[in-house]
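Asker:
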Amino acid sequence: MSVGLMNMGGYAFSSPNQSNPVWYKDSLTNALRALAQKSKSTLPRDVYVTIEEAAGRTYIHEYYIRDLHAANPDRPVHPDSSFVYTGYKASLAILLSMVSQPGLDGTPGGKICRGINACLQDILALVRSKGNDVGRLFKDPEMNRLLANLANI
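Each position in the sequence shown, counted from 1, maps to that position plus 338 in my numbering.
#1: Candidates Ile432, Ser420, Leu430: which alpha carbon is nearest Asp471's?
#2: With the cut-off set at 9 angstroms, would you say Cys457 and Leu488 are in Cβ contact?
#3: With distance defined between alpha-carbon atoms, name the residue in Leu370, Asn410, Ser357, Pro382 nearest to Pro446.
#4: Can you find the residues in the same chain that come closer than 6 angstroms, C-beta to C-beta, to Arg371, ignoring five residues on each side of it along the sequence?
#5: Just checking: is the beta-carbon of Glu400 within a distance shorter than 9 angstroms of some beta-carbon in chain C?
#6: Report buried or exposed for Arg395, applying the criterion of at least 16 other Cβ atoms within 10 angstroms of its Cβ.
#7: Comparing C-alpha positions only, which one of Arg483, Leu484, Gly473 sits nearest to Arg404?
#8: For Lys376, which residues from the same chain have a beta carbon less than 6 angstroms from its beta carbon, with the 5 sequence-adjacent residues on both sides left out?
#9: Out of Ser379, Glu390, Asn482, Asp443, which one is the CA nearest neighbour of Leu433?
#10: Within the stretch 366–440, note down every full alpha helix (DSSP H) run reaching 4 residues or more, in order along the chain.
#11: Where Leu484 and Ile454 are concerned, what is the direct C-alpha to C-alpha distance, given to the nearest angstrom?
#12: Hey, Met436 and Val385 are a contact pair by Cβ (cut 8 angstroms); roughly how many whole angstroms apart?
#13: Mapping DSSP to helix, strand and coil, what is Asn358?
#14: Could you have a look at Lys303 and say whether DSSP puts it in helix, strand or coil?
#15: Alpha helix (DSSP H) containing Asn487: first to last residue?
#16: I'd like the list of long-range same chain contacts for Pro411, defined as Cβ closer than 7 angstroms, with 5 residues on each side in sequence excluded.
Laid out in structure tokens, this is it:
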């Protein structure tokens, strides 16, 4: 699988090319990119770019944890039980900060930002509850529902 590297906003990150990994369809990365494309004309450019950058950072984390899981599917991906959660939280930190700030209240963009914030908080809570069980996390119907909700905000 080849992964192209891009540099955006000071971050070098991977982006999936035409041959996405098999797990990509059910990933947080995919939900973030779908959200960005769907709301591109409604959101201020800085919010849109921040969503795309978060998707890039999330892709790196997801690629890494999926690789670890594939190598040892019957074992936790890391000795630290908060490893998966911490990686997701770090990849989403700037986006969460941006969408939780006031300033877009009463606008369609503000409604989208509130929805993004609430949905990402729910996703992070679910990730935290699953620990490092990557296989179970992405087969969880609640995770699938939350990812679909995020993509359709």
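The C-beta atom is built at its ideal place from N, Cα and C for all residues, glycine as well.
Answerer: Reading from the atomic positions:
#1: Position 133 of the sequence shown, counting from 1, holds the residue named residue 471. A check of alpha carbon separations from Asp471 across Ile432, Ser420, Leu430 identifies Ser420 as the nearest.
#2: In the sequence shown, counting from the first residue as 1, residue 457 sits at position 119. In the sequence shown, counting from the first residue as 1, residue 488 sits at position 150. One thing to note: Cys457 has its Cβ within 9 angstroms of the Cβ of Leu488.
#3: The count along the sequence shown starts at 1 and reaches residue 446 at position 108. The residue with the shortest Cα to Cα distance from Pro446 is Pro382.
#4: Numbered from 1 along the sequence shown, position 33 holds the residue referred to as residue 371. Excluding the 5 residues flanking it on each side, Arg371 has same chain C-beta neighbours closer than 6 angstroms at Ala393, in chain order.
#5: Considering every chain present, this structure includes no chain C. It has just one protein chain.
#6: Counting from one through the sequence shown, the residue named residue 395 turns up at place 57. Counting of Cβ neighbours within 10 angstroms places Arg395 among the buried residues, the total reaching 16 or more.
#7: On the sequence shown, residue 404 is found 66 positions in, with the first residue counted as 1. Nearest option by C-alpha distance: Gly473.
#8: Walking along the sequence shown from the start, residue 376 turns up at place 38. None.
#9: Start at 1 with the first residue of the sequence shown, and residue 433 comes out as number 95. When only C-alpha atoms are compared, the closest one is Glu390.
#10: Correct list: 366–377, 383–409, 421–437.
#11: Residue 484 sits at position 146 when you count from the first residue of the sequence shown. Residue 454 sits at position 116 when you count from the first residue of the sequence shown. Whole-angstrom Cα-Cα distance: 11 angstroms.
#12: Counted from its first residue, the sequence shown places residue 436 at position 98. Counted from its first residue, the sequence shown places residue 385 at position 47. For a cut-off of 8 angstroms, the C-beta gap from Met436 to Val385 is around 6 angstroms, short enough to register as a contact.
#13: For this step, residue 358 is matched to residue 20 along the sequence shown. Coil, per DSSP.
#14: Any question about residue 303 goes unanswered here, given that the chain covers just 339 to 491.
#15: Within the sequence shown, residue 487 is the residue found at index 149, counting from 1. Where Asn487 is concerned, the enclosing alpha helix (DSSP H) stretches over 479–489.
#16: Locating residue 411 in the sequence shown gives position 73, counting from the first residue. Cβ within range, chain order: Gly473.
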